[in-house]
Amino acid sequence: MRRRLGSRRIGEGTIAVKWVIQAFVLVVGFALAARDARPQVTFFTPVTDNVSYNVGSEVRVKVVLPPSDHFGSAPIDISANVRYAGEQKYLEEKNVELARGVTLGAKESATEYYPLWKVPEDARTGRYEVVLALSGSSSVTNAQPVPVTSFSVYRKLVKIERIRLSKAFYTPGDAVSCEVDLKNLSGHAISNLRVEFSDRYWPWTAQTSERAGVDVVTIAQDLSLPAGGDRHLESARAAVATMPKPPEQPHETPEAKAAAAKRAKEPAVQQYAVVVWDGARRNIYDIAFSSEVFIAPAGITEPKPYSLQYVYPSLDDVNVTSYRHFYPAGLDSAAIQLDREHTMYPSGSEATVRFSLRNPTSQPWRGVSVRARLLDSKGKELTAKEIATRVNIDPGSAALAEETTLALPAGQSGIFRAQVEVNDASGETLATNVLELAANPLPHSILIFCAHQDDEGAHAGMIRAAIENHIPIHFVYFTSGDAGSCDRYYEHSCAPDEARNFGALRMEEARRSVGHLGVPSENIFFFGLPDGGSGQIWYDHVEASNPYLSVLLASEHAPYEGLAEPNLPYARQAVVEAAERFIREFQPEVIYTGHPDERHVDHRTNNWFVVKALQELLREGVVRPDQTLLTDQVYGPGPQAHAPYKYQKNVLSVSPDAMALAQEAQWYYQSQGGNRALGHLRTFDKLRNEEVHWQILDWKDHEGWNEKQ
Numbered sequence: 004m005r006r007r008l009g010s011r012r013i014g015e016g017t018i019a020v021k022w023v024i025q026a027f028v029l030v031v032g033f034a035l036a037a038r039d040a041r042p043q044v045t046f047f048t049p050v051t052d053n054v055s056y057n058v059g060s061e062v063r064v065k066v067v068l069p070p071s072d073h074f075g076s077a078p079i080d081i082s083a084n085v086r087y088a089g090e091q092k093y094l095e096e097k098n099v100e101l102a103r104g105v106t107l108g109a110k111e112s113a114t115e116y117y118p119l120w121k122v123p124e125d126a127r128t129g130r131y132e133v134v135l136a137l138s139g140s141s142s143v144t145n146a147q148p149v150p151v152t153s154f155s156v157y158r159k160l161v162k163i164e165r166i167r168l169s170k171a172f173y174t175p176g177d178a179v180s181c182e183v184d185l186k187n188l189s190g191h192a193i194s195n196l197r198v199e200f201s202d203r204y205w206p207w208t209a210q211t212s213e214r215a216g217v218d219v220v221t222i223a224q225d226l227s228l229p230a231g232g233d234r235h236l237e238s239a240r241a242a243v244a245t246m247p248k249p250p251e252q253p254h255e256t257p258e259a260k261a262a263a264a265k266r267a268k269e270p271a272v273q274q275y276a277v278v279v280w281d282g283a284r285r286n287i288y289d290i291a292f293s294s295e296v297f298i299a300p301a302g303i304t305e306p307k308p309y310s311l312q313y314v315y316p317s318l319d320d321v322n323v324t325s326y327r328h329f330y331p332a333g334l335d336s337a338a339i340q341l342d343r344e345h346t347m348y349p350s351g352s353e354a355t356v357r358f359s360l361r362n363p364t365s366q367p368w369r370g371v372s373v374r375a376r377l378l379d380s381k382g383k384e385l386t387a388k389e390i391a392t393r394v395n396i397d398p399g400s401a402a403l404a405e406e407t408t409l410a411l412p413a414g415q416s417g418i419f420r421a422q423v424e425v426n427d428a429s430g431e432t433l434a435t436n437v438l439e440l441a442a443n444p445l446p447h448s449i450l451i452f453c454a455h456q457d458d459e460g461a462h463a464g465m466i467r468a469a470i471e472n473h474i475p476i477h478f479v480y481f482t483s484g485d486a487g488s489c490d491r492y493y494e495h496s497c498a499p500d501e502a503r504n505f506g507a508l509r510m511e512e513a514r515r516s517v518g519h520l521g522v523p524s525e526n527i528f529f530f531g532l533p534d535g536g537s538g539q540i541w542y543d544h545v546e547a548s549n550p551y552l553s554v555l556l557a558s559e560h561a562p563y564e565g566l567a568e569p570n571l572p573y574a575r576q577a578v579v580e581a582a583e584r585f586i587r588e589f590q591p592e593v594i595y596t597g598h599p600d601e602r603h604v605d606h607r608t609n610n611w612f613v614v615k616a617l618q619e620l621l622r623e624g625v626v627r628p629d630q631t632l633l634t635d636q637v638y639g640p641g642p643q644a645h646a647p648y649k650y651q652k653n654v655l656s657v658s659p660d661a662m663a664l665a666q667e668a669q670w671y672y673q674s675q676g677g678n679r680a681l682g683h684l685r686t687f688d689k690l691r692n693e694e695v696h697w698q699i700l701d702w703k704d705h706e707g708w709n710e711k712q
């Protein structure tokens, strides 16, 4: 056995040489850049007076100026124009003059806000770019106009301005009275509105596999609002206080079901929803939620409940043990420390086991041997390797670093155990540790389509298998998740600019979460569809010329920065074509989507968009009819008509270390209860070791089964 601690690994010299070359290239690049330096407009930074604008409002902009040493002290004229993101044509025939004769100071300064653009009532919603142009100074006349900031435009017609409940504490059976204030934000009258009051819910998520919605009370119908007008509504019995029921969860353990049943009898936090529909109850103008209230059974006041902003639902749930003993005793050796970075392997491959070895006792180890054994899930030895013999290790000496390989059985999937042992001359075991490995048939390339940020958790094992084995893997998220817990993030119901910012937050959470699993950010893409709007897009807005006006974003085009396609129309064919482009580009061996029968409309239409794309690509000869398409089940089936497909169960064995990373990855979703997930830390031995997916065998058939609602 060799002492490898502190020794140089193979490849370090190569890396050092590469660094020297890169440094040289950078120095030369900077020298050339300095020789031919030209001023960039980005030294002048425009700032709009808001991040989003309703149609009919005015965009104002100021310009943050650089110090004079960048461009000299000669007066500068500043003008700007606006264009729709993804297009080159300017909206104004000539630039809008913002400031004339601006003189730069010794320090950075800024102009005042100037009017830039009056947003027309019929303007396209989505993202717009501000493009600056400078003149009046020889040092800036050659600067090329470039877009240096952007803003979004939305079309919000009706706003729920306030929901007021009669009180904050209820006993089951109490009447819940409410007051609701509405406002027409448009310049024209709106009629035939329907206003409903209910328990908190999202209309696009079915409550159970048998029941789509919740009990609602209509507090106004055939309601009209004049242009810019308000309306105050009251209901003395908008609801009856009841104990909230936990959401239905697929694959729930008996322990989890028992805990949910117990919690249903304890005091709880509740919210109520107000939804403004059109008269046909098909399109939503606005949705908002009440402040939180507390419901407690008669005579029961403990435990006091906490809302989702807190780590634990109640003080009874505080966990003070799992973080102390994450690994069970048999997997937490002080003598043998295992490298746990690679634990997912292709079936029949050689698993590399790396570890360090030290003597944590007070007595020297003389003539010890070190070996590794491969065991199956039942503890049967499959193979063994002698790593070192007659080794002497003194207490407190430097750790020894070693590695070995173990051949995994060909054609077998499952969990295997790589056990490293230290034995003395008599055969007595002095130390042992175990690394659990998962072996599966693995594809050559993967493309995962997700409805929302955090849905990739259903594929965490395969994600780690891809990363550990250098398999190309890419992600596409259909929606921005702008609705889910947006109101809890702001502690009030969300306006369009707040929903857009929340969607951007969720996209960043996805980058960080998936990045924790090892996926580079350049492999992660977003379409920016509205949370909960995929059903409307699929059924009612097929062509890009007739896009869907989303509820919270109040936009008909994706309004975010950094999307796969700027201003993607909220229309079925546009979304299908976007999915086609990714399938064409990456040519994945395996595609993952949501299940076509999920009770959340975004999840099932995730599948429908992808299947539609595959069917069109099949006609073009781009994909084969045997393209592998796997689905997950996050919410479970809903009460809507189910798909006519044939399925085959696909089980992936997942190592506990891969699932430990997946558990940590969920903590990055702070807006989605990541704090609760952290508070419910599962110890190593409680992590699941399987992922179940369902392969659609006949996706190429049954085209059009879901065309009509």
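Quick note on my numbering: the sequence shown kicks off at 4 and runs consecutively. We put the beta carbon where it would ideally sit given N, CA and C, even for glycine.
Throw me the rounded Cβ distance for the residue 271 and residue 246 pair, which I believe falls under 8 Å. Right, the Cβ-Cβ distance comes to about 6 Å (below 8 Å), so this counts as a contact.
Beta strand (DSSP E) segment containing residue 183, residue limits: Here the beta strand (DSSP E) through residue 183 covers 178-187.
Inter-residue CB distance, residue 83 and residue 119 (contact presumed, cutoff 8 Å): About 6 Å separates the CB atoms of residue 83 and residue 119; that is less than 8 Å, so the two are in contact.
Restricting to Cα atoms, I'd like to know which of 684, 701 and 370 is closest to residue 327. The option with the nearest alpha carbon to residue 327 is 684.
Span of the beta strand (DSSP E) holding residue 120? Here the beta strand (DSSP E) through residue 120 covers 117-121.
Is residue 388 near the ligand FMN, judged by its Cβ being under 7 Å from some heavy atom? With respect to small molecules bound, the structure shown includes none, and the ligand FMN cannot be examined in it.
Considering only the alpha carbon of each residue, which of 367, 347, 589 and 450 lies closest to residue 418? Here the closest residue by C-alpha is 347.
If you run the structure through DSSP and keep just helix, strand and coil, what is residue 246? Correct three-state label for residue 246: coil.
Neighbour-count burial assignment, residue 597, 16 or more Cβ in a 10 Å radius: Residue 597 is buried by the Cβ-count criterion.
Bridge partners for residue 273 per DSSP, in chain order? The partner list for residue 273 (beta bridge, DSSP) reads 296.
Which one of 458, 160, 80 and 531 has the shortest CA to CA distance from residue 280? It is 160 whose Cα lies nearest to the Cα of residue 280.
How far does the alpha helix (DSSP H) with residue 541 in it extend, from its first residue to its last? Counting along the chain, the alpha helix (DSSP H) containing residue 541 begins and ends at 537-543.
Excluding the 5 residues preceding and the 5 following residue 53 in the sequence, name in chain order all residues of the same chain whose CB lies nearer than 6 Å to its CB. Taken in chain order, the list of residues that qualify is empty.
Among the candidates 595, 616 and 557, whose CA atom is the shortest distance from the CA of residue 577? In terms of CA proximity to residue 577, 616 leads the group 595, 616 and 557.
Roughly how far, in whole angstroms, is the beta-carbon of residue 131 from the beta-carbon of residue 64, given that I think they are within contact range, below 8 Å? Residue 64 and residue 131 do not touch by the CB rule: their CB atoms are close to 11 Å apart, not below 8 Å.
Residue 453: first and last residue of the uninterrupted beta strand (DSSP E) it sits in: Taken as a continuous stretch (DSSP letters only), the beta strand (DSSP E) holding residue 453 covers 449-453.
Where residue 265 sits in the DSSP three-state scheme: Collapsing the DSSP output to three states places residue 265 in a helix.
What residues are listed by DSSP as bridge partners for residue 388? Residue pairing by DSSP places residue 388 opposite 375 in a beta bridge.
Can you give me the C-alpha to C-alpha distance between residue 707 and residue 157, rounded to a whole angstrom? A direct Cα-to-Cα measurement between residue 707 and residue 157 gives close to 33 Å.
Roughly how far, in whole angstroms, is the beta-carbon of residue 68 from the beta-carbon of residue 126, given that I think they are within contact range, below 8 Å? About 30 Å separates the two Cβ atoms, so there is no contact after all.
Could you tell me the distance, in whole angstroms, from the CA atom of residue 643 to the CA atom of residue 284? If you take the alpha carbons of residue 643 and residue 284, they lie about 17 Å apart.
From residue 709 to residue 646, what does the alpha carbon distance come to, in whole angstroms? If I take the Cα positions, the gap works out to 8 Å.
Can you check whether the CB of residue 538 is closer than 8 Å to the CB of residue 661? No, they are not a contact pair.
Could you pull out every residue in the same chain whose Cβ sits closer than 6 Å to the Cβ of residue 542, ignoring the five residues on either side in sequence? Only 712 meet the Cβ criterion.
Beta-carbon proximity list for residue 194, same chain, < 7 Å, skipping 5 on both sides: Scanning its chain for C-beta atoms nearer than 7 Å, with the 5 sequence neighbours on each side dropped, one finds around residue 194 the residues 227, in chain order.
Residues near residue 513 in its chain [Cβ-Cβ closer than 6 Å; skip 5 each side]: Excluding sequence neighbours, residue 513 sits near 456.
In the region 529-591, which residue ranges form an unbroken alpha helix (DSSP H) of at least 4 residues, counting only runs that do not cross its ends? Listed in chain order, they are 537-543 and 575-589.
Using CA atoms only, rank isn't needed, just tell me which of 397, 97, 349 and 241 is closest to residue 136. Closest option to residue 136, Cα to Cα, is 97.
Three-state secondary structure (DSSP) at residue 685? Judged by DSSP in its simplified three-state form, residue 685 adopts coil rather than helix or strand.
Near residue 649, what residues of its chain come up, given a Cβ to Cβ distance below 8 Å and the 5 sequence neighbours on each side ignored? Around residue 649: 699, 700 and 701.
Relative to the C-alpha of residue 185, which residue among 317, 435 and 235 is closest? For the residues 317, 435 and 235, the minimum Cα distance to residue 185 belongs to 235.
Taking 8 Å as the cut-off, does the region 671-685 touch the region 630-640 (at least 3 CB pairs, one atom from each stretch)? Flag = no, the region 630-640 and the region 671-685 do not touch.
Between the C-alpha atoms of residue 552 and residue 658, what's the straight-line distance to the nearest angstrom? Rounded to the nearest angstrom, the two C-alpha atoms are 44 Å apart.
Candidates 338, 403, 374 and 354, of which the one nearest residue 364 by Cα: Cα-wise, what sits closest to residue 364 is 338.
What number of angstroms, rounded off, separates the C-alpha of residue 518 from the C-alpha of residue 238? Spanning the two alpha carbons is a distance of roughly 49 Å.
Taking 7 Å as the limit between beta carbons, can you name the residues of its chain near residue 166, skipping five residues before and five after? Cβ within range, chain order: 181, 183, 277, 291 and 293.
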